[in-house]
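A.B. asks:
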Amino acid sequence: MKSSSSVTSSHTMYESDNDQDYPLYTMSSAKTTHNLHQSVLVIGSGAAGLVTAQTLITDGFTNVYIFSKDSHPGGVWEHNKVYSGVFINNLYGDYRFSSMEMPRHPSRDPKNNRLSAEDMQFYFEKFTETYLRDRISYETEVLNIRRPKPPFDSDPPNWIVKYRKKGKKGMREMGFHRIILCTGGCHKPRIPSAFSPSAVKASGFLGPVIHSSDFRAKLDTIFAAVQPSDHHRSMQPNSRPDPYLPDPPSAEDHRAGSNSDENDGGGVVVVIGGGMSSTTQLSSRIRRSRILGVLSPHSELRTPLERFLHKTWLGSRTVRGIFDMASSYSFKSFQIPPNSPLRLSQEPFWSLRVNDEVCRRGNSFHVLVNEGKIHIEAPAKAVEFGEDGRSIVLNDGRVIRADAIVLATGYESSWTDLFDVQTINQVGLGKYPPQYVSLDAYDQEWKGYMSLKNPPPAPAVNQQWMSCIYRGIVPAKNILKRDLAINGAVFSTNNGYVFETTAHWISSYFLEDSFLQLPAGIKEAVQSTELVIFNFGAGPSTPTISFGIWVYVMVKLGQEEMR
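In UniProt numbering, the protein residues as written are 1 to 563.
#1: Would you mind stating whether residue 177 and residue 159 have Cβ atoms separated by less than 9 Å?
#2: Is the CB-CB distance between residue 405 and residue 205 below 9 Å?
#3: Considering only the beta carbon of each residue, do residue 195 and residue 407 sit closer than 9 Å?
#4: By alpha-carbon positions, which one of 474, 482, 511 and 489 ends up nearest to residue 528?
#5: Taking Cβ positions, are residue 530 and residue 455 nearer each other than 9 Å?
#6: Just verifying my parser: in three-state terms, what is the DSSP assignment at residue 524?
#7: Counting C-beta neighbours from all protein chains within 10 Å, is the total for residue 415 16 or more, i.e. buried, or is it exposed?
#8: If you draw a straight line from the alpha carbon of residue 496 to that of residue 389, how long is it in whole angstroms?
#9: Would you mind giving the Cβ-Cβ distance between residue 137 and residue 65, rounded to the nearest angstrom? I have them listed as a contact below 8 Å.
#10: Only counting the same chain, and skipping five residues up and downstream in sequence, which positions put a Cβ closer than 7 Å to that of residue 26?
#11: Beta carbon of residue 344, beta carbon of residue 331: below 9 Å?
#12: Quick one: any contact between the stretch 512 to 521 and the stretch 208 to 215, if contact means 3 or more CB pairs under 8 Å?
#13: Measure the C-alpha to C-alpha separation of residue 564 and residue 371 and round it to an integer number of angstroms.
#14: Indicate whether residue 88 and residue 485 have their beta-carbon atoms separated by less than 9 Å.
#15: Determine the direct distance from the alpha carbon of residue 223 to that of residue 403, and round the result to whole angstroms.
#16: Based on the DSSP output, what are the partners of residue 100 in its beta bridges?
#17: If the criterion is Cβ atoms closer than 9 Å, does the pair residue 124 and residue 54 meet it?
#18: Less than 9 Å between the beta carbons of residue 48 and residue 488, yes or no?
#19: Would you mind stating whether residue 161 and residue 36 have Cβ atoms separated by less than 9 Å?
#20: Span of the alpha helix (DSSP H) holding residue 120?
#21: If we count the other Cβ atoms within 10 Å of its Cβ and call it buried at 16 or more, is residue 184 buried or exposed?
#22: With C-beta atoms as the reference, is residue 99 less than 9 Å away from residue 74?
#23: Short of 7 Å in beta carbon distance, which residues of its chain neighbour residue 427, apart from the five on each side in sequence? Order them along the chain.
#24: Would you tell me roughly how many angstroms separate the C-alpha atoms of residue 171 and residue 71, rounded to the nearest one?
#25: Run through the DSSP bridge pairs and tell me what residue 485 is partnered with.
#26: Only counting runs of 4 or more residues, tell me where the alpha helix (DSSP H) segments fall wholly within the stretch 334 to 411, in order along the chain.
#27: Straight-line CA distance for residue 346 to residue 102?
#28: Can you have a look at residue 432 and say buried or exposed, based on whether 16 or more other CB atoms are within 10 angstroms of its CB?
#29: Quick check: residue 506 and residue 143, are their CB atoms within less than 9 Å of each other?
#30: Label residue 77 either buried or exposed according to how many other C-beta atoms from any shown protein chain fall within 10 Å of its C-beta, with 16 as the threshold for buried.
#31: From this set, 410, 335 and 292, which residue's C-alpha is nearest residue 366's C-alpha?
#32: What number of angstroms, rounded off, separates the C-alpha of residue 490 from the C-alpha of residue 503?
#33: Note down, in chain order, each residue of its chain lying with its Cβ closer than 6 Å to the Cβ of residue 307, except the 5 sequence neighbours on either side.
#34: Let me check one thing: in DSSP terms, what residues is residue 69 bridge-paired to?
#35: Can you tell me where the beta strand (DSSP E) with residue 510 in it begins and where it stops?
#36: State the beta-bridge partners of residue 317 as determined by DSSP.
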């Protein structure tokens, strides 16, 4: 999300008259206008969007629309984005929905338990063909979402959506009663200003500069600019390296992919993310178990084992020891030398970016680094282009030659493009400082958690601005209106399960099912949300969002009395 100063002019969500949301209906009437014929727009055709639309249709919603900017289903795993060599942190058959088993990809090696990008693409296309055929408007870009302005018609929609269809002139508008944002966290590329298109043009850099989101589409461009590794024997300024990747937490498969087959070469990587691996594949039973969920702290410790692990000295030593041992064994399994920059990674217990390598592969990123086919500069940061049009400058002044640059710098929120500033303030999607939480509140919430001793440094609580989204699903400020929800904005180790559970929660929320337990009002929703932001006094670093999937889902199921 962009800086909160560009989103809101106030330090609270309630004080500005200009941010007052128009009451399209009274709160009492809102409880009676949830009939299944009201229109619902799902934005996005990734995993979250697909299962959300399918769940609503199954539950009886008769007027469900899906707008997608892509030309095929799948989101991150869409046809034009995947390429050979990409693997994800799930076992084969795990990343799926309950209504459809994962069919085996025709070219899949039956001995490989790891899930590939091709598997995901294949599954989501089959899922769409089975449940959502002819329901998705592809190549339809949503440009703006806003409230209608008074005077209202007799039955106004709650939202006006401006959109544009590829190949057609002009823009169109359409009204909807409810909207579900399923644009995910990998939709809008985050491009540092020093490497923006305007900066590229001003610098006179001669090679291609692309974001990793365009890696598949621009492979030919990259390989045309970069010679195989035989053309360079060192990484001196006069040599010719492979693509430069400034930020690797989301980039390991890009790096390995760009250095495989006939195109193996060297690259420059600045920051190294954590990882887990072994010399052999662990059994599916272990990898599908809840062990990581139990080892990760949560505000609700439901079993004696969890209370022992997180609230006793011996248990906390056990938890941290297991994580440390797993990290150490991972380095050992890849034969990472003690002085290798690959060891410059955050502790897995505190990290959101722990990559599950499953087991060592011959063409994996770590192996290619050890073989010298990928060169790493770390710790370092790229700050600008070099003056010769063929290099970049690091923060320590070193100049690195580069024929092509791949910006694996992650993504940022797409919401600031979909909503104008006023609407973002109205519904509470902006970033705000905590209003009800203090250091004392955090201390009380996590009092007695021995496993959370000695966290990494974090900003002061009053500097930890955040989007206040209840359960990661509904903007707390808008919770009583029941016309806006989000699916796909929660970190987890099993997205299929979390997305589907969230879809059922949203359906019950829109239907106003009596068994769905919600806060009594906006203030209570904000208070609850701020307390459930799992930063344990450690800022954005948290093990629970990453591994505590089962507890998170059980809380949601508990709200629906489905546990």
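C-beta atoms are modelled at their ideal positions from N, C-alpha and C, and glycine is treated no differently.
C.D. replies: Taking the geometry as given:
#1: yes
#2: yes
#3: yes
#4: 474
#5: no
#6: helix
#7: buried
#8: 45 Å
#9: 7 Å
#10: With a pLDDT of 45 at residue 26, under the threshold of 50, the modelled position of this residue cannot be trusted; read the value that follows with caution. Hits under 7 Å: none found.
#11: no
#12: no
#13: Here the chain has residues from 1 to 563 only, and residue 564 is not among them.
#14: no
#15: 10 Å
#16: 97
#17: no
#18: yes
#19: no
#20: 117 to 131
#21: buried
#22: no
#23: 21, 475, 477, 478 and 484
#24: 18 Å
#25: 180
#26: 365 to 370
#27: 34 Å
#28: buried
#29: no
#30: buried
#31: 335
#32: 13 Å
#33: 301
#34: Paired residues: none, contrary to the question.
#35: No beta strand (DSSP E) contains residue 510, which is instead part of the alpha helix (DSSP H) from 495 to 511.
#36: According to DSSP, residue 317 bridges with nothing at all.
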